[in-house]
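Just below is one structure, and these are the notes that go with it.
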Amino acid sequence: MLKSYLTHHAYTLLHDVDQKNKSKALLRACFLLLCFIAGTWELSITKFEVPPLIELGKDADLSCQYELADDDDESSVVVKWFWTPALSPSYDKILIYQRISGRAPMTFRRRIFGPIDIKENDTISLMSIHPLSSGVYECAVSSYKEDARKNETLTVISGGTGPVIKLNEIIEDSTETKKKNELLKIECSAEDVAPPPNLGVSINGHNVKTVTFIEDVNHDALYKATANVIVSGDHILNGDNEVKCEMSFFQTNDTVLPWVAITKFVVI
122 MLKSYLTHHA YTLLHDVDQK NKSKALLRAC FLLLCFIAGT WELSITKFEV PPLIELGKDA
182 DLSCQYELAD DDDESSVVVK WFWTPALSPS YDKILIYQRI SGRAPMTFRR RIFGPIDIKE
242 NDTISLMSIH PLSSGVYECA VSSYKEDARK NETLTVISGG TGPVIKLNEI IEDSTETKKK
302 NELLKIECSA EDVAPPPNLG VSINGHNVKT VTFIEDVNHD ALYKATANVI VSGDHILNGD
362 NEVKCEMSFF QTNDTVLPWV AITKFVVI
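Heads up, the working numbering is the position in the sequence shown plus 121, with the first residue counted as 1.
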């Protein structure tokens, strides 16, 4: 119906002008066509905010506002918030909020959540957020005719204890040189950290290859990370030495500054 009306309108425009002004009329008709299309509003989410990173224990506000199509009715609107836990498949969605037009909004608390506070315009606040609440948050707005959805990943960060350095001197016999070799064992560790971190170790400004071991001891998404490395005397200077351990996160795309621990020791 809309197509035939627009075609007729464009046809009228083209025949109301002189032959030499056909190009102008055509441009004008195209402009009107765009105006009609723009006026055919669709249900859309106009404001959607989910913080990508938030610190453990803080409140996370999730906002979702929408506009209806011109011929749609507010009485048919349903707004929902879903949560998909981190590392879960995308279809494993959990409903945490729902508002059916004409009824009071409801929240659906899970054991991993603290309180969920309902604010205006379908904004909800996850109170005292925990790393177990990391994941994808999706707002879904639907009416009788159509629906709209948006989602964003939220990651809860905890620095925990930060990196802690321990040094141990190791002396071992060398069967080849028949001498005693002095080695240094460096251990860098951090506890109650989220998300799983990476630990990097350097001595006197030289990076040492390490592997980070991750454990979720209490199954609470607060991790223990450990990196051990043994360096030979070639890396150790007479006099002052410096060992640095840097803790960073894979998922944060360098938007969070790393935690750094530095230990100094002297060789006489």
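Note that the Cβ used here is the ideal one computed from N, Cα and C, for glycine as well.
query	result
Sub-8 Å separation of Pro-317 and Ile-291 beta-carbons	no
Ile-166 beta carbon near the ligand HEM (any heavy atom closer than 7 Å)	What this structure holds is no ligand at all, so the ligand HEM is not there to describe.
Expected contact under 8 Å - CB spacing of Val-200 and Val-262 to nearest Å	5 Å
Selected residue, minimal CA-CA separation from Thr-276, among Leu-174, Val-387, Asn-359 and Asp-192	Leu-174
Beta strand (DSSP E) segment containing Glu-363, residue limits	360–370
Per DSSP, the bridge partner or partners of Val-322	Val-329 and Cys-366
Counterpart residues of Thr-347 in DSSP-defined beta bridges	Ser-310 and Phe-334
Meets three-Cβ-pair contact criterion under 8 Å: the stretch 322–335 and the stretch 264–279	no
Backbone secondary structure at Ser-263 - three-state DSSP	strand
Beta-carbon proximity check, Gly-321 vs Glu-367, cutoff 8 Å	yes
Sheet register partners of Val-277 (DSSP bridge)	Ile-175
Selection from Lys-365, Val-388 and Ile-250 that minimises the alpha carbon distance to Gly-354	Val-388
Own chain, CB closer than 7 Å to Pro-379, minus 5 neighbours either side, in chain order	Glu-367, Met-368 and Ser-369
Ser-246 - partner residues in DSSP beta bridges	Asp-182 and Asp-238
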